[in-house]
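**Student:** Protein chains in written order, with our numbering: chain A, 5 to 336; chain B, 5 to 336.
Beta carbons: idealized from backbone N, C-alpha and C, even for Gly.
The model shown is predicted, which means the values in this text are computed figures rather than measured ones.
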């Protein structure tokens, strides 16, 4: 048996900003599954900033995305055929099957998920990698105490929105940084942040100072660049900064930090992390987040692009901050 | 009873680089001691990079040095008169009596020291604040394991030389960064580092790469700026950077870091610290260092300026890196 698969491969490495020409849509006959394998029909695929880093051929924590191979990435879908005893036809699964309609898997890295109370797509967002990222950075690096002020950049994004809501539940004053008045409105009104600074409105430092009258104790950093520099100027003694992403530099720009002296003067701890190295904590993270969702204390948003062919443009838009919440591509 | 004291006060805050005109030498009659006080004749005073920061009127971890007041700083000397039962005439003491020949103290912050096996001046260097700084940053922040590569900047300085020798005793590959061929020679030949990179020789990144063929696991940073940037490019996964000083920015220059992405990609921990907040560990640090000195495993150098009036020029020289090892001023 075989199916007609459609997939997107990396056609060319970007020179600076990603363009749709970096990608190529292909069709292929997919035969199988072989013994031990399952064939999954992907319903949604995830677009994430980290993918930008892998498109370069640079030394990093993960191997570069190979040219002419299917773009790697997280997916949720349903098992269509199974020759693996762990999976039955109809099982909902989350995995890393990449930018394609169908994926074959030997079951490694594939997990069954329960869609009876949360929709399938949530397993790519709040109950997936972004949710675990938010939880880990907050609870294992920043460890904020009640009454402390926490700032999170890209606050309306898949990670940032969760960070802020979890920190709020911890009793922190939570300030977001986001691009545009509409995003800031949602961050405050929908996600319940105490304040949100629009970095596109200018006077970043002044606005941040107004929003953090007692300084900043903890910063969950997704952006870098001017935002991080402004945060450094407001840090309190013994503050912590979790470096989760530096999207400001994903196109190869240097992210020149000017206020590094704050690290010394304020005895800061600045720590980078990669959530895939802490898989052991994902179950705990997701259990706590699921409870908050079901209890109505945690909200999330999704931005959904329609159809595989929309993925390149949606990805370019993600890197420019066009999304609100988790950026997904619907494949069914 | 009174003595004729001579002291140096801060006459003006520096605009950019420190000049001798920032200081003023004064004479004053010092009467006392009163009940509970001791009068100390200072034999040596310490010049340290941190003093530069306090000369500015900026928010920092310590209050600024007050204008027209005696420059603050560490001193060693001998008790000349005592009306405090804890101290007897002739006791050798270390304290913070400032840039002056005589100091009055109520005993707080004044400690008796044993000069039977190490000279008095050592209590301002290897057995003083710089030694404790080296020990703390190494053992409590960097925690290097045998076989790891450690880089320390300002390697021929009072702190750097101790860091490298302690790390060498831990089984690390130790690479110094220093300014000039002569300093580098001493760092390798006298302090026993595996290599030393002369940052004034150009091609900093290439030379650092040659000296650290397996990358860098731990960095004790005293300088910042271009040196730290070059180090960031060579950091290995899960590396640690202790920010002890950023002398490159002490004149108000921004210390623009370009390679901040390494913090994320390599999951680094970058941590600033101030040794005066860890006084509880000084006895342990000094006991271990004293043992290494007496056992012949740890060497140190001093650069001694003669006479109180030489202090301003010596301090300007310290900030330019003219010293080798601990910079002192002899007052007797």
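What does a CB cutoff of less than 7 Å around residue 271 of chain B pick up in its chain, not counting 5 residues either side in sequence?
**Tutor:** 241 and 242
**Student:** Residue 7 of chain B and residue 30 of chain B - do their beta-carbons sit closer together than 8 Å?
**Tutor:** no
**Student:** What is the rounded straight-line gap between the Cα of residue 268 of chain B and the Cα of residue 57 of chain A?
**Tutor:** 11 Å
**Student:** I'd like to know whether the C-beta of residue 144 of chain A is nearer than 8 Å to at least one C-beta of chain B.
**Tutor:** Not an interface residue.
**Student:** Out of B/117, B/162 and B/104, state which residue places its alpha-carbon closest to the alpha-carbon of residue 326 of chain B.
**Tutor:** B/162
**Student:** Quick one, which residues of the segment 14-28 of chain A are near chain B if we go by CB-CB under 7 Å, in chain order?
**Tutor:** none
**Student:** Residues of the segment 273-293 of chain B with a CB closer than 9 Å to any CB of chain A: list them in chain order, please.
**Tutor:** Near chain A, meaning a CB-to-CB distance below 9 Å, the residues of the segment 273-293 of chain B are 273, 274, 275, 276, 277, 278 and 281.
**Student:** For the candidate residues B/309, B/320 and B/321, whose alpha-carbon lies nearest to that of residue 333 of chain B?
**Tutor:** B/309
**Student:** Pairs of beta-carbons, one from the segment 40-54 of chain A and one from the segment 102-112 of chain A, closer than 8 Å: are there three or more?
**Tutor:** yes
**Student:** Report yes or no: do the segment 190-202 of chain A and the segment 151-168 of chain A share at least 3 C-beta pairs separated by less than 8 Å?
**Tutor:** yes
**Student:** Cβ closer than 7 Å: which chain B residues qualify as neighbours of residue 267 of chain A?
**Tutor:** 247, 274 and 276
**Student:** Per DSSP, what kind of secondary structure is residue 108 of chain A in: helix, strand or coil?
**Tutor:** The DSSP-derived three-state label of residue 108 of chain A is strand.
**Student:** Does the CB of residue 250 of chain A have a neighbour CB from chain B at under 8 Å?
**Tutor:** Interface residue (Cβ-Cβ distance to chain B less than 8 Å): residue 250 of chain A is classified as such.
**Student:** At the 8 Å Cβ level, is residue 349 of chain B part of the contact set with chain A, yes or no?
**Tutor:** There is simply no residue 349 of chain B to check, as chain B begins at 5 and stops at 336 in what is shown.
**Student:** For the segment 53-82 of chain A, which residues have a beta carbon sitting closer than 7 Å to at least one beta carbon of chain B?
**Tutor:** Result list: 64 and 65.
**Student:** Ordered along the chain, which non-local residues of its own chain (more than five positions away) have a Cβ less than 6 Å from that of residue 247 of chain A?
**Tutor:** 225 and 276
**Student:** Identify which residue in B/41, B/25, B/117 and B/133 has its Cα closest to the Cα of residue 278 of chain B.
**Tutor:** B/133
**Student:** Anything in chain A within Cβ reach of residue 228 of chain B, meaning under 7 Å, just list it in chain order.
**Tutor:** 264
**Student:** Here's the rule I'm using: 16 or more other beta-carbon atoms within 10 Å means buried, otherwise exposed. How should residue 186 of chain B be labelled?
**Tutor:** exposed
**Student:** Which residue spans inside the segment 43-131 of chain B form an unbroken alpha helix (DSSP H) run of at least 4?
**Tutor:** DSSP runs (the alpha helix (DSSP H)) wholly in the segment 43-131 of chain B: 54-58.
**Student:** Exposed or buried, which one is residue 171 of chain B when buried takes at least 16 other CB atoms within 10 Å?
**Tutor:** buried
**Student:** I'd like to check one pair, residue 213 of chain A with residue 348 of chain A: are the Cβ atoms closer than 8 Å?
**Tutor:** Given a span of 5 to 336 for chain A in the structure shown, any question on residue 348 of chain A remains unanswerable.
**Student:** Identify, in the order they occur along the chain, each residue of the same chain with its Cβ nearer than 7 Å to the Cβ of residue 340 of chain A, setting aside the five sequence neighbours on each side.
**Tutor:** What is shown of chain A runs 5 to 336, which leaves residue 340 of chain A out entirely.
**Student:** Starting from the C-beta of residue 74 of chain B, find all residues in its chain whose C-beta is less than 8 Å away, skip the five residues before and the five after it, and write them out in chain order.
**Tutor:** 11, 12, 13, 102, 103 and 104
**Student:** According to DSSP, is residue 267 of chain A helix, strand or coil?
**Tutor:** helix
**Student:** Select from the segment 149-163 of chain B all residues with a C-beta closer than 9 Å to any C-beta belonging to chain A, and list them in chain order.
**Tutor:** none
**Student:** I'd like to know whether the C-beta atoms of residue 169 of chain B and residue 302 of chain B end up nearer to each other than 8 Å.
**Tutor:** Yes, the Cβ-Cβ distance between residue 169 of chain B and residue 302 of chain B is below 8 Å.
**Student:** Grab the span of the alpha helix (DSSP H) containing residue 231 of chain A for me, first residue to last.
**Tutor:** Unbroken alpha helix (DSSP H) run through residue 231 of chain A: 229-238.
**Student:** Mapping the DSSP letters down to three states, classify residue 204 of chain A as helix, strand or coil.
**Tutor:** helix
**Student:** Take residue 230 of chain B and list the residues in its own chain whose beta-carbon comes closer than 8 Å to its own, dropping the five residues that flank it on each side.
**Tutor:** These residues qualify, in order along the chain: 203, 208 and 252.
**Student:** At which residues does the beta strand (DSSP E) containing residue 273 of chain B begin and terminate?
**Tutor:** 273-276
**Student:** Work out the CA separation of residue 232 of chain A and residue 239 of chain A for me, nearest whole Å.
**Tutor:** 10 Å
**Student:** By DSSP, does residue 346 of chain B sit in helix, in strand, or in coil?
**Tutor:** Not covered by the structure: residue 346 of chain B. The range shown for chain B is 5 to 336.
**Student:** Can you give me the Cβ contacts of residue 311 of chain B inside the same chain, cut-off strictly under 8 Å, excluding the 5 residues immediately before and after it?
**Tutor:** Non-local beta-carbon contacts of residue 311 of chain B in its own chain, meaning distances under 8 Å to residues more than five positions away in sequence, involve 333, 334 and 335 in chain order.
**Student:** Under 6 Å Cβ to Cβ from residue 3 of chain B, same chain only, skipping five residues before and after it: list those, please.
**Tutor:** Only positions 5 to 336 of chain B appear in this structure, which leaves residue 3 of chain B out of reach.
**Student:** Tell me where the beta strand (DSSP E) around residue 34 of chain A begins and ends.
**Tutor:** Residue 34 of chain A: member of the beta strand (DSSP E) spanning 27-35, first to last residue.
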